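In this note's numbering, the protein residues as written are 348 to 750. Cβ coordinates follow ideal geometry from the N, Cα and C atoms, glycine included. These numbers come from a predicted model, not from an experiment. The next block holds one structure in the form of structure tokens; read it before the comments.
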Amino acid sequence: MTRHTGRGPGTAAVHTPPATVPAAPPFSPPVYRTSTFAFATAGEYADVLNGVEPGYSYSRIDNPTADAFAAAVAALEGANLATEVSGQPFASGMAAISTTAMALLSAGDHVVCQSALYGGTWSVFSRVLRRFGVEVTFAGAPDAEVIAAAITPRTKLVWVEAIANPTLVVADLPGIAAVAHDAGALLGCDATFASPMVVRPLEYGVDLVVHSATKYLGGHSDATGGVVCARHELTAAVRALRIDLGGSLAPDEAFLLHRGIATLPLRLARHCQTAAALATALAEHPAVAAVHYPGLPGHPHHARARELFDPDRFGGMVTVDLYGDRSAGMAFCDALALAVPAASLGGTHTLVSHAASTTHRQFDDASLAAAGITPSQVRISVGLEDAADLIADAAQALDSLAR
Ligand SMILES: *Cc1c(COP(=O)(O)O)cnc(C)c1O
């Protein structure tokens, strides 16, 4: 064997000089785009993986960019609380919801949900968890008495949405927290439609709050993610199952979602203000049968929203019923020039969804009626365009229907 000195170019190409770690910490969170972390010794590696020492080992387990995003959301959700709130980052809102539910439930347990739920959540509870022996009751409205009536001695979890899709009903968070806790159950709340700039559910006794970060938190329709915030013992259980199930947030997505947080207060102030103006204008148009917006005095939960939400904040989502059937709702979407028919919400651009043919396509007519979804109903995610332009666009679209 000839003696080999130095290193070959193949080795040099792989074992490059390490990037400098600056003494001054970087101002913006770096994208730790790495799947694994290098250790000096086998012992240090084992200690971090075994939780003996803190640290990062593998990005499905934990990633610093993903953690920075979850910590930012936890700081918002817990801003007014004396107790510490921690967050867990996920690859999507559904990864956050399914992992949280599975972390808290076992075969034989019972869940109570309000009836109006995001379709993916409805599917996880009614189809997936049932296959694993979890019983589910869809109770009806997010009112304390309605939820209380559905609770059984086996109920371990109650699940609501702060503002529900698409009718924008508002959950009685403190009332439902009280009945859940009386029964020894935990209360989880999906606050995606509200965002922490409208309501922070943990302030009202909710145990776990989840978001599809894809929506308002990211805010630019360019990243997919989710997050769960709760007291540490609960997020520790959720983290443990996230590691096993693997729905962990990627660092590039985490960077974009984290960057969205800084402008969340400004964006939400604008979304709410424009949505209120649009809702008021729509309610005055003769082609509109009804407008659903928690900020309108006629909304069934207007008083509840005033009590629970930040002052003058009722969210950026507006839902409208037209005269006529499904075709009227679809024609309205098609007649809009600025607003775009598209899935998702909470971004810079105004998006519209005709509920019966898109977000609630799985529902038959009877289920649609039970959920308060009329055949023509259209959901509007109000973007950051000028309010006057959105109102003019809606008016010309509605005028075209009347003709
Ligand atoms: C979009 C959405 C989800 C799912 O989030 P993904 O990021 O798409 O997985 C859950 N709940 C609500 C209310 C949503 O709007």
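Cβ neighbours of V638 within its own chain (closer than 6 Å, five residues either side excluded): A626, L629, A630, V667. The Cβ neighbour count for R501, taken over all protein chains shown within 10 Å, is under 16; the residue is labelled exposed. The Cβ atoms of V516 and P548 lie no closer than 8 Å to each other.
Here P372 is exposed. Its C-beta has fewer than 16 other C-beta atoms within 10 Å. If you draw a 10 Å sphere on the C-beta of G645, you find fewer than 16 other C-beta atoms in it, and that means exposed. Segment contact: the stretch 560-570 against the stretch 595-614, three or more CB-CB distances shorter than 8 Å; contact assigned. The closest heavy atom of ligand 1 lies 7 Å or more from the beta carbon of S473. For the pair P641 and H648, the CB atoms are nearer than the 8 Å cut-off. If only complete runs of 3 or more residues are kept, the stretch 561-617 shows the beta strand (DSSP E) at 573-577, in order along the chain. By the criterion of at least three beta-carbon pairs nearer than 8 Å, the stretch 584-598 is in contact with the stretch 438-453. With respect to the 8 Å criterion, L534 and A527 are classified as neighbours on the basis of their beta carbons. Within the same chain, Cβ atoms closer than 6 Å to the Cβ of S700 are found at T706, R726, the five residues on either side in sequence being excluded.
With fewer than 16 other CB atoms across the displayed protein chains lying within 10 angstroms of its CB, R478 is exposed. Contact between S439 and T571 holds, since their C-beta atoms are separated by about 5 Å, short of 8 Å.
Here the stretch 507-515 lies against the stretch 712-732, with 3 or more beta-carbon pairs under 8 Å apart. The straight-line gap separating the alpha-carbon atoms of A684 and R617 is approximately 21 Å.
Between the stretch 734-746 and the stretch 670-690 there are three or more C-beta pairs closer than 8 Å, enough to call the two in contact. Short of 6 Å from the beta carbon of A450, and not among the five residues preceding or following it, lie these beta carbons of its own chain, in chain order: A584, V585, L588. Judged by the Cβ position, T561 qualifies as a neighbour of ligand 1 at the 7 Å threshold, a heavy atom of the ligand being closer than this. Looking at the backbone, the Cα of A413 and that of I590 are separated by about 13 Å.
For A518, no beta strand (DSSP E) run applies, since DSSP gives it neither H nor E. D537 has its Cβ nearer than 7 Å to a heavy atom of ligand 1. In this structure, the straight-line span from the alpha carbon of A530 to that of V432 is close to 23 Å. Fewer than three Cβ pairs drawn from the stretch 571-582 and the stretch 453-465 lie within less than 8 Å of each other, which leaves the two stretches out of contact. A residue is called buried once 16 or more other Cβ atoms fall within 10 Å of its Cβ, and P365, having fewer, is exposed. With a threshold of 7 Å, the Cβ atom of S595 does not count as near ligand 1, since no heavy atom of the ligand is closer than that.
Between the C-alpha atoms of P521 and G671 there is a straight-line separation of about 38 Å.
A direct Cα-Cα distance of roughly 20 Å separates F384 from Q435.
DSSP lists C460 as the beta-bridge partner residues of F485. Per DSSP, the unbroken beta strand (DSSP E) holding I727 starts and ends at 725-728.
Per the C-alpha coordinates, the member of E550, P377, T621 positioned closest to L428 is E550.
With respect to F437, V546 sits apart: the two C-beta atoms are not nearer than 8 Å.
A heavy atom of ligand 1 is found nearer than 7 Å to the CB of S439.
The C-beta separation of E580 from C536 comes to about 18 Å, leaving the pair out of contact by the 8 Å criterion. In the DSSP assignment, V699 forms a beta bridge with P688, I727.
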